[in-house]
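Reviewing the structure listed below.
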Amino acid sequence: MICTFSDLRDKEVVNVRDGKRLGYVCDAEIDCGSGRICALLIPGPSKFLGFVKGPMIRVPWERIERIGDDIILVCADTVKSETKAVRK
Numbered sequence: 004m005i006c007t008f009s010d011l012r013d014k015e016v017v018n019v020r021d022g023k024r025l026g027y028v029c030d031a032e033i034d035c036g037s038g039r040i041c042a043l044l045i046p047g048p049s050k051f052l053g054f055v056k057g058p059m060i061r062v063p064w065e066r067i068e069r070i071g072d073d074i075i076l077v078c079a080d081t082v083k084s085e086t087k088a089v090r091k
């Protein structure tokens, strides 16, 4: 299957370990040297009436189980261990 980054942004990410919906892909980390995708980034949960965003959820490429037509299944033991603040 071939897809573009904008195709990934339209897919919801779900953790297969607990069935939790993590959100939608907003960005990706790419290794410029090899051209490989290292991780997908998902906005963290809002903290105050949707205005203050939490840290980004970083899902390493190795944790992706399957990319389907409308969903991305990931295998993460806990979301907290995959959470990382991303600098802008």
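Positions 4 to 91 (my numbering) are the ones given, in order, by the sequence shown. The C-beta atom is built at its ideal place from N, Cα and C for all residues, glycine as well.
- In terms of Cβ geometry, Val16 and Val77 form a close pair [threshold 8 angstroms].
- In this structure, the CA atom of Thr7 is about 25 angstroms from the CA atom of Lys23.
- Take Ala31, set aside five residues on each side of it, and the residues of its chain with a beta-carbon closer than 6 angstroms to its own are Ile40 and Leu43, in chain order.
- CA-CA distance, Ile60 to Met4, rounds to 25 angstroms.
- With contacts defined as CB atoms closer than 8 angstroms, Val62 and Ile74 fail to qualify as a contacting pair.
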